[in-house]
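Scroll down for the structure; my scribbles are underneath it.
Number of protein chains: 4
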Amino acid sequence: MKRKIGILTGGGDCPGLNAVIRGVVKSAIIGRGWEVVGIEDGFDGLLYDRCPRPLGLEDVRGILPRGGTILGTSNRGNPFSYPIEVNGKTVLTDVSDRVVVRVKDLGIDAIVAVGGDGSLKIALELMKRGVPVVGVPKTIDNDLMETDVTFGYNTALETATDALDKLHSTAESHHRIMIMEVMGRYAGWIALESGISGGADVILIPEIPFELKTVCNAIEGRRRRGSKFSIVVAAEGAFPRGGTRVVQKKADETMAIERLGGIGSFVARELTSCLDMDIRVTVLGHLQRGGSPSTFDRCLGSRFGIGAVELIERERYGEMICLKGRAIRSVPIEKAVRKLKLVDPRGQMVTAAKELGINVGRE
Amino acid sequence: MKRKIGILTGGGDCPGLNAVIRGVVKSAIIGRGWEVVGIEDGFDGLLYDRCPRPLGLEDVRGILPRGGTILGTSNRGNPFSYPIEVNGKTVLTDVSDRVVVRVKDLGIDAIVAVGGDGSLKIALELMKRGVPVVGVPKTIDNDLMETDVTFGYNTALETATDALDKLHSTAESHHRIMIMEVMGRYAGWIALESGISGGADVILIPEIPFELKTVCNAIEGRRRRGSKFSIVVAAEGAFPRGGTRVVQKKADETMAIERLGGIGSFVARELTSCLDMDIRVTVLGHLQRGGSPSTFDRCLGSRFGIGAVELIERERYGEMICLKGRAIRSVPIEKAVRKLKLVDPRGQMVTAAKELGINVGRE
Amino acid sequence: MKRKIGILTGGGDCPGLNAVIRGVVKSAIIGRGWEVVGIEDGFDGLLYDRCPRPLGLEDVRGILPRGGTILGTSNRGNPFSYPIEVNGKTVLTDVSDRVVVRVKDLGIDAIVAVGGDGSLKIALELMKRGVPVVGVPKTIDNDLMETDVTFGYNTALETATDALDKLHSTAESHHRIMIMEVMGRYAGWIALESGISGGADVILIPEIPFELKTVCNAIEGRRRRGSKFSIVVAAEGAFPRGGTRVVQKKADETMAIERLGGIGSFVARELTSCLDMDIRVTVLGHLQRGGSPSTFDRCLGSRFGIGAVELIERERYGEMICLKGRAIRSVPIEKAVRKLKLVDPRGQMVTAAKELGINVGRE
Amino acid sequence: MKRKIGILTGGGDCPGLNAVIRGVVKSAIIGRGWEVVGIEDGFDGLLYDRCPRPLGLEDVRGILPRGGTILGTSNRGNPFSYPIEVNGKTVLTDVSDRVVVRVKDLGIDAIVAVGGDGSLKIALELMKRGVPVVGVPKTIDNDLMETDVTFGYNTALETATDALDKLHSTAESHHRIMIMEVMGRYAGWIALESGISGGADVILIPEIPFELKTVCNAIEGRRRRGSKFSIVVAAEGAFPRGGTRVVQKKADETMAIERLGGIGSFVARELTSCLDMDIRVTVLGHLQRGGSPSTFDRCLGSRFGIGAVELIERERYGEMICLKGRAIRSVPIEKAVRKLKLVDPRGQMVTAAKELGINVGRE
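Each protein sequence line maps, in turn, to chains A, B, C and D. Sequence positions in the first sequence follow the UniProt record's numbering and run 1 to 363. Sequence positions in the second sequence follow the UniProt record's numbering and run 1 to 363. Sequence positions in the third sequence follow the UniProt record's numbering and run 1 to 363. Sequence positions in the fourth sequence follow the UniProt record's numbering and run 1 to 363.
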């Protein structure tokens, strides 16, 4: 059966989005002869009579190695709570009806929604109002349930690990403490895994509120044993035991400027009180979202795109594509967005870090 | 209980070996206070009264980002069939008794054998003669059963995908067919996954003997549709339907020179007979084994090393560490070496390639 | 004065070509309001009534980091000796008149010819027939006179040095001799500079015919002093003293397959006769031409493009843009193509290699 | 004549330092049979009876591709103004006599001082007190006179350009202004050259105090012409016309934390007042100093090291090695440290940026 499908990318930028788009377009057109349209700027593209862009094989040529998304994305676009200006004031309004109507008017049979937690929840709500949707999980932080991992995470890890390699030379040459702040508001996956791969000495994650004294002791211990430098990786959402998160808002809702006074600087200030060492902070920031996707993310993104088309073919609406081991599977979106996938403080990864002699903020 | 354990790396070089060694050393010493010795040049290091090298925390400092293995490896060293010179002639001799005795003499309680198919089989045999062994799977080709993936494979994929990115510019600028030969004597995983990630147009793997006519048609079809260039990725063990493998010996048993007349050149010659296009061959060769391990391989290698020490602690000898999903598990070595993990011609990965419009040598 | 200028890229692919094109288009349009057309596939694009492609700011968006050339290139296209089929036979014919007429018909005021030795000579001849031309030097091998260096060379060096880093791990782990063959038919610059930067032990270049005995001794000497591996870099045009070049044709005129039996394999075969060591050969080939240009090449390419437009503005036809120190200058094309810039066997670079203990094929 | 020479690295970390050290050691030992000692932690290593480390060929093995300096560096160590604690207070004291005596006591015939502006001035003063010194220029910012360029700068440019490539994807996908702050307190070379190579839209450098209105107009203009994003590169020492520098202290004298409120954040705040766009800031910071040196810096560093040894051989004390075009030369240190090499606002590089349509803070 010939179909017309739409694809949109929502939420923060993520390496591999173009691989998903290309996967959807190629598998829909080459094998099935379907029609594909690209909805621009996330769910925003379904409002205000904006016209989706027809996507042919030509349009996805050469995009596989490119970061970002050719469809653009949006941070505003929740149609259930959309900022509408009324008498000079911004009022959050439910404009989802317009979306439902617009999809029908455009003759779109089904939508592939590529997004994180937030975007998938919107997709689920639209589904309940009759819009056939399938989901593709996207999160740089790796905090989505029901999938072993998503695209973008591996590229972000490569960027973070490469940065740690770079900081090592300066730390060693100058006998310094280098603190690197990485993404991860609620989940410490990037900090934990890049810290292990980049040879960090201390890793601070939101799931394990840290004790400053312990961190000081760990660094002091290293110095006593002859290592004149230390590398600390801190997830942006890490916070001291008994304290509160420095970053409360979404990274994409607040200006990066505010984040500059984030956890990295906080830890630096606190460490100066207990250590007589030179300290430097690096905030990796948006570099983690950019760049050409790694081979892992290109392959996974492509497979996710193909899988989404297969879900539509089998009319498994409301499902989300996922990775289990080496296999592509699917689960109800509902199960995936119920809660975030956090690091288990007693799980294998944290234990591995400890076995390697890394201080994770405690003991 | 305090233990003295040995670690050796056998078979071909592989990015991540040093991460494993470091993982073993750190987890054995820091948490357990054990003693670790490094056996040099694979099983060779247990012959001829060679002394293993004591490995302390100092010895593994800074090796995480480094390719290769600080312990060296050997291609000869099968103690069950060892080349001994007798009267000027080389005779393959069973010298495994010496190994068994040597391990006892050295007071080694258990050995971590890091290796592929071949090395693990040797480890298993030694096990049967009373040497306590645990295995860590190593294969660049990803052809080992019972583990989702091993370290080294991801780095090799990055190298191959990066090379494909590079060949794309020349292919496009010169309207050429670029053929790239990658590793994979029996299993086509590197060709298949790097081909998908690098945007190849044709992928040839040992598991699907190819039809030249089909390949020609695919390239011709692309030209008709306006694409003046094509990229072909061929696993070194690929061969034409009805033909035989060009590479029969192990890559490490034969000189690379002989391999230069491998499958890449063969396909180039054959394609010139049916296509009037400029063709170039690149043999990626040893570049795939080298370089700093990717973040994925550093983390996985470290976890495998830790896991091996835990296996020894629990006296699970004869077992091999493996990855299932995101978790480290173990299986009997016996199960892992029974046969090679080949690409399933009807499996998800091949189907994905086809969905993306890639020709895989058939249809 | 408003002008209409054409740009073409000739000869082999080279990272930075797109930077030149972008530099020409931006500086011609933004500051001067000129018109730019892109002539496709080198001088071929001026034959057979092919229409150049108008190039606006939109057309050069995003091409700066991309390898290759958006205009394509050609290996055939010498209009003074063009392969024309006459009665089924290919006859080399002077069709330069057509080019001269075509340029006039198209209303092109001046042409920016980006190319190496060959393309610049053609440009010079067209100049003599009344076509206003300015040149931009392009050579991956760095063998063009009158410019300190050209774009593309630095990127090729990065690729070669990175490959040497990779081969080091395998060489060390396996106690092997690794031979890497790099570009450089007549000039050994890539071999020499990447060899110095990549820590090679032996460097073979066309300018210094090598003595095999000397090379053997150097490797033997290393082994005696405890280094169980050696890295050899050989320019494709290197040859033994008293011998002849293995590669006689242009790399772009002959199939890569033939080159596989090149100098790397030759040296490997010869070394096996005097050394009892494992040897492997890697032919870097087209990987050197590909990939995203390095920052050096992007900046230099951009400046060359701008410089070419300034030459046209000042009507300095027949001149070629060049780099002297940190400054962009120009010289008569005639001076640049008179002879190749070869490595001086007594110059600073060869002396530097020797000071570092590298064997360069002699002594 | 056999000599004993010392080498020290002063000031900030810089990729290529190890290449210099290796070049000095290899050329002094292999060809000349000299003795080399490594003075640790800059000039600090000549105080308090610290013993230099003997450097043999073994000690420099494998350091060529490594960032940082195996000798360590120091930010305190000016022996003419050394922080000495007297009665609990830190007093800057001239302790240069100790250095002069120490050098004599150690039997060091000459010292290779690798450093920037500051370290070279110290070297010059020691020279006047009878310590034979030759200089090797080191500056990541490229602000040293009398040499075309120094090692480290190219690697820093690669890091900055790569970061700009990464920010491009996010900027495009999110329709954002991305501001990247790079090194350059007094000289804007890194900002200018990486901005050109990374396709920036605005470049702010200390040499051209910027007008905010102009910058706003440039970005607005882009938006009107359809480009929904803009990339701004700002040297840390850039400042608004009529304003003052935000960064007054040396990057290495002040904590990075303070710098987080640097020029990037300042520009972001100011731009929000005139533009209704999403803005993000990235402070590249220490990442620019780290990492494996590029091929250019490895080769240049090696040649500088060799050149320094040759200067000592010819007893050209008080001279500094430099690069002119492709040749290694030398100049009196005195000439090199007289003033900083700043970007000429009317020079070729700024003009090139303007020709490419980049706003440089004015017009």
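Note that beta-carbon positions come from the ideal geometry of N, C-alpha and C, so glycine has one too.
Option in the options with minimal Cα separation from residue i
i, options, result
"Lys121(A)", "Ser81(A), Glu58(A) and Glu236(A)", "Ser81(A)"
"Gly305(D)", "Ala123(C), Lys4(C) and Leu356(C)", "Leu356(C)"
"Gly301(C)", "Glu207(C), Cys14(C), Thr159(C) and Ile203(C)", "Cys14(C)"
"Gly56(C)", "Gly130(C), Val37(C), Phe296(C) and Thr155(C)", "Val37(C)"
"Ala353(B)", "Gly107(B), Val202(B) and Leu8(B)", "Val202(B)"
"Lys324(C)", "Cys216(C), Met183(C) and Thr150(C)", "Thr150(C)"
"residue 423(B)", "Leu167(B), Ser230(B), Gly11(B) and Asn154(B)", "A question about residue 423(B) goes unanswered here, because the residues of chain B that appear run from 1 up to 363."
"Phe296(C)", "Gly16(C), Thr9(C) and Leu8(C)", "Gly16(C)"
"Cys51(D)", "Met178(D), Val350(D) and Val103(D)", "Val103(D)"
"Leu287(D)", "Pro293(A), Pro65(A), Met178(A) and Gly184(A)", "Met178(A)"
Contacts around residue i, its chain only, beta-carbon distance under 7 Å, and the 5 residues preceding and following it disregarded
i, result
"Lys228(A)", "His175"
"Asp105(A)", "none"
"Arg241(B)", "Pro209, Phe210 and Glu211"
"Gly72(C)", "Glu40 and Asp41"
"Thr244(C)", "none"
"residue 364(B)", "Residue 364(B) lies beyond the residue range present for chain B, which begins at 1 and ends at 363; the question has no answer from this structure."
"Leu311(B)", "Val134, Glu319, Ile321 and Ser330"
C-beta contact flag for residue i and residue j at 8 Å
i, j, result
"Asn359(A)", "Thr161(A)", "no"
"Val283(D)", "Glu181(D)", "yes"
"Val133(D)", "Leu144(D)", "no"
"Gly221(A)", "Leu164(A)", "no"
"Ser169(B)", "Arg129(B)", "no"
"Ala187(C)", "Lys341(C)", "yes"
"Gly285(C)", "Gly67(C)", "no"
"Gly152(C)", "Lys138(C)", "yes"
"Leu124(B)", "Val337(B)", "yes"
"Val309(B)", "Ser74(B)", "no"
Residue burial classification, residue i (beta-carbon count within 10 angstroms, cutoff 16)
i, result
"Glu363(B)", "exposed"
"Asp141(C)", "buried"
"Asp94(C)", "exposed"
"Glu315(A)", "exposed"
"Asn18(C)", "buried"
"Ile84(B)", "exposed"
"Pro54(C)", "exposed"
"Asn78(C)", "buried"
"Tyr48(C)", "exposed"
"Asn154(D)", "buried"
"Val233(B)", "buried"
Own chain, CB closer than 8 Å to residue i, minus 5 neighbours either side, in chain order
i, result
"Gly62(D)", "none"
"Asp148(A)", "Cys322, Leu323, Lys324 and Gly325"
"Met1(C)", "none"
Beta-carbon proximity list for residue i, same chain, < 6 Å, skipping 5 on both sides
i, result
"Glu207(B)", "Gly188, Leu342, Val343 and Pro345"
"Lys335(C)", "Glu146"
"Thr90(B)", "Pro83"
"Lys4(A)", "Glu35, Gly107, Ile108 and Asp109"
Next item on the list: Could you say if the segment 264-274 of chain C and the segment 200-218 of chain C meet the contact criterion of at least three C-beta pairs nearer than 8 Å?
Entry: Contact between the segment 264-274 of chain C and the segment 200-218 of chain C is present, because at least three Cβ pairs lie under 8 Å.
Check: If contact means a Cβ-Cβ distance below 8 Å, which residues of the segment 173-184 of chain A contact chain F?
Finding: No chain F is part of this structure, whose protein chains are labelled A, B, C and D.
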